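Reminder that position 52 of the sequence shown reads as 1166 in the numbering used here, one-by-one numbering, no gaps.
Heads up, the beta-carbon is just placed ideally off N, CA and C, and yes, glycines get one too.
Since we're looking at a predicted model, the values are computed, not measured.
In what follows, a structure is listed as structure tokens, so that the remarks can point back to it.
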Amino acid sequence: MPERHWIAELPQHAGESVVVRGWVATTRSSGKIAFVVVRDGTGMLQAVLSKRDVGSGVWDSFEKLT
């Protein structure tokens, strides 16, 4: 299993793919682009998904987030 990182540690990993654990604070979508705000005990991050760039399974999973 990949090492998980706290959100506060992310600046140290710029340009890398990382795994974070947290909870979904908010989501919003504008057709073909979506935003997910994730929080943990150390901070928050915003992820951006483009329907064109992710597989249909990822997009379907996003649409089920609450």
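Would the beta-carbon of M1158 be found less than 8 Å away from any heavy atom of the ligand GTP?
Because no ligand of any kind appears in the structure shown, any question about the ligand GTP cannot be addressed here.
Over the uninterrupted alpha helix (DSSP H) stretch that includes W1173, give me the two end residues.
Boundaries of the alpha helix (DSSP H) around W1173: S1170 to E1177.
Give the DSSP-derived three-state secondary structure of A1122 in the structure shown.
Reduced to three states, the DSSP call for A1122 is helix.
Cβ-based burial, A1148 [other Cβ within 10 Å; buried from 16]
A1148 is buried by the Cβ-count criterion.
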